[in-house]
Amino acid sequence: MKKDKQTLRLDIINKLQHLNGEQRHQWESDLKQQFFEYLQTINVQRMALFYSFHPEVNVLPILEELEAQGYEVYLPCLAPNYQLEFAPYQTGDTLKTVYRKVVQPKTDQRLEPEQLDLIIVPGLAFSRNGYRVGFGGGYYDRLLAKLPTTKTVSLVFPIQMVDNDLLPVESFDQPVKKLFIAR
Ligand SMILES: Nc1nc2c(c(=O)[nH]1)N(C=O)[C@@H](CNc1ccc(C(=O)N[C@@H](CCC(=O)O)C(=O)O)cc1)CN2
Ligand SMILES: Nc1ncnc2c1ncn2[C@@H]1O[C@H](COP(=O)(O)OP(=O)(O)OP(=O)(O)O)[C@@H](O)[C@H]1O
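Note that my numbering has the sequence shown beginning at 2, numbered continuously upward.
The structure is reproduced here in structure tokens:
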């Protein structure tokens, strides 16, 4: 049976919360490896990540490695009307909490989203064809609708995958172009 987005969100949050630490760690290392292998095949400089909070896939080790390799890293900042803006971030920069566990850089510096070469998109449930259900602000759907040519990827645990025909898709949903699924 097709679940609504809210039911699916709670389902996946529950699964992520019950994931054992060792399995999580192994999947996160695998995703990091897959992602850096992919990076060697493309030419990008400016990248948007997100500041993971529990129980999301932790992408902060990837963020640190990107910095070490000299990439420019940006994080999303909430703007009026569910818009996202992007601020530069380096480990150690001041962050502020904007909503529950959501944090963003304190700086007022911004990069036009069009200048991003690649966006790592957060999410809870995903289908093979790249559709996703996130926490429900519609922030990334609004953003990606404006950036049809930007590379987009998500890093996903197998327990977050849902059959194509079981993931609710609405007219405004924007799929990510490439999924990495942990093995
Ligand atoms: N780590 C991380 N950072 C992220 C995201 C994310 O998914 N993960 N986001 C991904 O987008 C953005 C923040 N997402 C948010 C999603 C919902 C609400 C929120 O206000 N939720 C309301 C209901 C939504 C509404 O008002 O319609 C709520 O929970 O009460 C705020 C931020 C940007 N930063
Ligand atoms: N391009 C858009 N223009 C206007 N409203 C939009 C657009 N895209 C999404 N929305 C609105 O955003 C709301 C949340 O969408 P949805 O539940 O799919 O969020 P989500 O993908 O889970 O969240 P997020 O993208 O923040 O991770 C919906 O009510 C929808 O009407």
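Note that CB positions come from ideal geometry on N, CA and C, so glycine has one too.
By the criterion of a C-beta distance shorter than 8 Å, residue 48 is surrounded in its chain by 67, 72, 73, 74, 75, 117, 118, 119, 120 and 121, once the five residues flanking it on both sides are discounted.
The three-state secondary structure of residue 146, taken from DSSP, is helix. The count of Cβ pairs closer than 8 Å, one atom from the segment 125–138 and one from the segment 154–167, reaches three, so the stretches are in contact. Within the segment 48–118, the runs of alpha helix (DSSP H) that reach at least 4 residues and sit entirely inside it are, in chain order, 61–69. From the listed residues 93, 138, 134 and 92, the smallest Cα separation to residue 103 is found for 138. Rounded to whole angstroms, the Cβ separation of residue 32 and residue 181 is 6 Å, and the two are in contact under 8 Å.
Counting the other CB atoms within 10 Å of its CB gives residue 69 a total below 16, which places it among the exposed residues.
Taking a cut-off of 8 Å for Cβ pairs, the segment 75–93 and the segment 139–147 touch, as three or more such pairs fall below it.
Proximity to residue 169 across 131, 147, 184 and 97 peaks at 131, based on C-alpha coordinates. Looking at the DSSP output, residue 157 sits in a beta bridge with 182. Distance from the Cα of residue 37 is smallest, within the candidate group 154, 178, 17 and 173, for 154. When the five nearest sequence neighbours on each side are left out, the beta carbons in the same chain lying within less than 6 Å of the beta carbon of residue 107 are those of 95 and 97, in order along the chain.
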